[in-house]
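Engineer: So that you can map any letter, position 387 of the sequence shown is 542 in the working numbering, and since no number is skipped, the others follow by simple counting. Pasting a structure below so you can have a look.
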Amino acid sequence: MVRRGKISRAAGSSLDPTPIASALTTPLSSAYPSTYASEVEIDALGDSIGSLTLSERRAARRKAKPFAFMALPSELRLKIYDYYFEGSGGVVDLDPDNYKTYHKKLGIQRTCRTVYQEVSHYFYSSRSFRIFPTHPGKYFKSKKPLLARMKPSSRSYITSLELRLGPGWSKPPRGWVVTPALGLHECVNVRRLTVLVECDPSDGIFNGFRRSDGFYEGFSQSLLTEVFNQMPWIDTVYFDAWPGVKKSGGMMRALLEVTSANNRKIRWGPERGWTDGPEEDEVKPSNSLVMVPPASEFNTSTMGRTYTTKKFAGRPIMPLDTSTYSMALLRVDGRRWNELRRLHAQIRTQEAADGSSYLEMGHTKVMCVVTGPAEPQRRGGAGGQSKEAAVTVNLVVAGFSSVDRMKRGRNDKRSQELEATIAKAVSANLHTHLFPHSSITISLHVLSQDGSLLAALLNASTLALIDAGIPMTDYIAACTAGSTSTYAAADDGADPLLDLNTQEEQELPYMTVGTLGLTDRVAVLVCESRVQVSRLEGMLAVGVDGCKQVRQFMDRVVKEKGRQMVQEGTVEKGTGLDLEMES
């Protein structure tokens, strides 16, 4: 056995830390200089404690001298006011945007009395003020127009007024009356009165929709006469109109007669481009077919309303494409311009569902199934519970429903747009606050497409929701309305069409209209094609009338189903049900 000897440690080794020099230099072999400052550099940058003192004062700030705005000439001050109010519009109306458009800028009046007087005079004298409001909603029906809300001193600065006629042609608002509270007698500096006509209800396009012949023309005449009586110092009236209004129409002739009878001068505005000469013929000659009604007069009754061909007398009628319309003033499917296609509907087609329906509008066929109100499905993530029921719409379009036989996926943009439109319209109509923390699912299946798809989906959804017993405000009845000329034709005299099929939707501009019950309240309005502004009101009027016809049809379907259920003993007849059991 070999014994190893002990080996001693080196003399220099120790467990104590080795001191490091306070100054480190860069080795000569290094290619890069050191980034650390040396002690000499640090000492050079540092200041001694004796140099730090608070006795030194900062230089006093020079007080900015205010700009002498009032020392400027009045011409320059008015120019500055012009730049200040730039972009605020030339016509002031009772509008919800008035606060951010005018109120904030008028805060400059609080500067001083001189600025208050100058700004007030400039603002009210450089703009035209609308006598009666035309903004839709509560402002249009307000009993206190903009002039009645202004101070007498502000009304005295006004130099221009505008009277816009056309909105509410079927039922003018109650606030459209000239009374002393309106303050027209205090507008002593008014020198310009502009009468702008948006539409002419005497035109044949309004036949069957106006209140009575000459109603709105007489209302406008009396309104203009009362304005003249309140402001006898006005000697000139400027007339203007939208493109669809003719100077030779009944509306303009009535207004011109009143103006001449009150010894006022007549001038023309820039919008319409009228002159004192005779009006140029707006209907340009066309090489396309012109449909002229036969010499014999015929009547067509639709839902208790009678339409005659007198509305087509005296002007070219329906310049249409020969591939779409025939020479007998009929459409390719045998209907006239104001007729709906065949309607067929059933409710409670699926016994296992909470609500279901089946609807046909012509060859457009859809099915609807409603589930709920039910507890919503819990998904990943923590979300707050809503106090109202969530409405979800699922749309499935069969591949064989259209001619192209194209199957649409779940991410199809067109399907998503239809789902969002239906969900928004239905949510606003249902009383969702009665079903908090729940969900209502509407599943729609398109079996066949032949135009008016959105309208058919809305009608089927309404019937299925009624079958499910979900409370709602009223029926949502929908249909389509179009125009007999394309957008490129630029024909302001084009007539409207009701309930378009696929061929007509591909060639003509159209819109989908949905109303609540038998009222004129529009719940859905979708226009996906280009159309002249002058045609919109006529198309909307025809669409609203068609929705009322659809609503009556849907009401008959619901009552018939209720009568059948009572007779079968499924439910008991309530005291408030209006069902004729004997029939």
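All C-beta atoms, glycine included, are put in the ideal place defined by N, C-alpha and C.
Can you give me the Cβ contacts of R676 inside the same chain, cut-off strictly under 7 Å, excluding the 5 residues immediately before and after it?
Structural biologist: Taking the first residue of the sequence shown as 1, we reach residue 676 at position 521. Here the set comprises T670.
Engineer: Can you list, in chain order, the residues of its chain whose CB lies under 7 Å from that of K298, leaving out five sequence neighbours each side?
Structural biologist: The residue you call residue 298 lines up with position 143 of the sequence shown. Excluding positions up to five away in sequence, the list reads R329 and G330.
Engineer: Is it the case that the Cβ atoms of A507 and P528 are separated by a distance below 9 Å?
Structural biologist: What you label residue 507 is simply residue 352 of the sequence shown in a count that begins at 1. What you label residue 528 is simply residue 373 of the sequence shown in a count that begins at 1. Not in contact: A507 and P528 (Cβ atoms no closer than 9 Å).
Engineer: Just to confirm my understanding: we take I360, look at its own chain, exclude 5 residues before and 5 after, and list those with CB closer than 7 Å. What are they?
Structural biologist: If you number the sequence shown from 1, residue 360 lands on position 205. The residues are D650, P651 and G693.
Engineer: Quick check: the Cα distance between T617 and F708, rounded to an integer number of angstroms?
Structural biologist: Start at 1 with the first residue of the sequence shown, and residue 617 comes out as number 462. Start at 1 with the first residue of the sequence shown, and residue 708 comes out as number 553. When rounded, the distance between both Cα atoms is 13 Å.
Engineer: Once you ignore the five residues that flank P288 on each side, which residues in its own chain have a CB closer than 7 Å to its CB?
Structural biologist: By 1-based counting over the sequence shown, the position of residue 288 is 133. Result list for P288: D248, L249, Y294, F295, S297, P300 and L301, in chain order.
Engineer: Along the beta strand (DSSP E) that carries R285, what are the first and last residues, could you check?
Structural biologist: Position 130 of the sequence shown, counting from 1, holds the residue named residue 285. Residues S283 to R285.
Engineer: Check this for me: beta carbons of I313 and I502, under 9 Å apart or not?
Structural biologist: Here residue 313 is taken as the residue at index 158 of the sequence shown, counted from 1. Here residue 502 is taken as the residue at index 347 of the sequence shown, counted from 1. The answer is no: Cβ separation not under 9 Å.
Engineer: Would you check if the stretch 582 to 600 and the stretch 682 to 696 touch, i.e. whether three or more CB-CB distances between them fall below 8 Å?
Structural biologist: With a cut-off of 8 Å, the stretch 582 to 600 and the stretch 682 to 696 do not count as touching, because too few Cβ pairs lie within range.
Engineer: To the nearest angstrom, how far is the alpha carbon of L613 from that of C523?
Structural biologist: By 1-based counting over the sequence shown, the position of residue 613 is 458. By 1-based counting over the sequence shown, the position of residue 523 is 368. Cα-Cα distance, rounded: 10 Å.
Engineer: From S481 to A500, what does the alpha carbon distance come to, in whole angstroms?
Structural biologist: One-based indexing of the sequence shown puts residue 481 at position 326. One-based indexing of the sequence shown puts residue 500 at position 345. A caution first: S481 carries a pLDDT of 38, below 50, which makes its placement in the model unreliable, though a value can still be read off. If you take the alpha carbons of S481 and A500, they lie about 30 Å apart.
Engineer: Which residues does DSSP pair with M694 in a beta bridge?
Structural biologist: The residue given as residue 694 occupies position 539 in the sequence shown. BP columns for M694 are empty, so no partner.
Engineer: For L475, does the three-state DSSP call read helix, strand or coil?
Structural biologist: Counting from 1 along the sequence shown, the entry for residue 475 is found at position 320. Unreliable placement is indicated for L475, whose pLDDT of 37 sits below 50; no coordinate value is reported for it.
Engineer: Where does P651 sit, in a helix, a strand or coil, going by DSSP?
Structural biologist: Translated into positions along the sequence shown, residue 651 becomes position 496. Of the three classes helix, strand and coil, the one that applies to P651 here is strand, per DSSP.
Engineer: Express the C-alpha separation of T628 and V679 in angstroms, rounding to a whole number.
Structural biologist: Here the question's residue 679 lines up with position 524 in the sequence shown. Here the question's residue 628 lines up with position 473 in the sequence shown. Going from the Cα of V679 to the Cα of T628 covers about 15 Å.
Engineer: Please report the straight-line C-alpha distance between T725 and L673, rounded to a whole angstrom.
Structural biologist: Within the sequence shown, the letter at position 570 stands for residue 725. Within the sequence shown, the letter at position 518 stands for residue 673. Rounded to whole angstroms, T725 to L673 spans 30 Å at the Cα level.
Engineer: Which runs of the alpha helix (DSSP H) fall wholly inside the stretch 530 to 610 and span at least 4 residues, in chain order?
Structural biologist: Entirely contained in the stretch 530 to 610, the alpha helix (DSSP H) runs reaching 4 residues are, in chain order, 568 to 584.
Engineer: Counting only runs that start and end within the stretch 307 to 349, where is the beta strand (DSSP E) found for 3 or more residues in a row?
Structural biologist: Taking only runs of at least 3 residues, the beta strand (DSSP E) segments lying wholly in the stretch 307 to 349 are 315 to 320.
Engineer: Taking the continuous alpha helix (DSSP H) assigned at T657, which residues delimit it?
Structural biologist: Position 502 of the sequence shown, counted from the first residue, corresponds to residue 657. T657 to E662 is the extent of the alpha helix (DSSP H) around T657.
Engineer: Short check: CB of A583 to CB of L609, under 9 Å?
Structural biologist: Taking the sequence shown and counting its residues from 1, one reaches residue 583 at position 428. Taking the sequence shown and counting its residues from 1, one reaches residue 609 at position 454. No; because the gap between Cβ atoms is not below 9 Å, this pair is not in contact.
Engineer: Express the C-alpha separation of V332 and R496 in angstroms, rounding to a whole number.
Structural biologist: Counting from one through the sequence shown, the residue named residue 496 turns up at place 341. Counting from one through the sequence shown, the residue named residue 332 turns up at place 177. Looking at the two C-alpha atoms, the distance is approximately 42 Å.
Engineer: So, with DSSP's three-state summary, where would you put H133?
Structural biologist: As shown, the chain starts at 156 and ends at 738. That puts residue 133 outside it, with no answer to give.
Engineer: Using a Cβ cut-off of 9 Å (strictly closer), state whether G724 contacts chain C.
Structural biologist: Protein chains in the displayed structure number just one, and chain C is not present.
Engineer: G321 and C342 look like a contact to me (Cβ under 8 Å); what is the Cβ gap, rounded to whole Å?
Structural biologist: Start at 1 with the first residue of the sequence shown, and residue 321 comes out as number 166. Start at 1 with the first residue of the sequence shown, and residue 342 comes out as number 187. Actually they are not in contact, since the Cβ atoms of G321 and C342 sit about 23 Å apart, beyond 8 Å.
Engineer: Between which two residues does the beta strand (DSSP E) holding L411 run?
Structural biologist: Position 256 of the sequence shown, counted from the start, is the residue given in the question as residue 411. L411 -> not in any beta strand (DSSP E); alpha helix (DSSP H) instead, spanning G405 to A416.
Engineer: State the DSSP-derived secondary structure class of T628, mapped to helix, strand or coil.
Structural biologist: Against the sequence shown, residue 628 aligns to sequence position 473. Coil at T628, not helix or strand.
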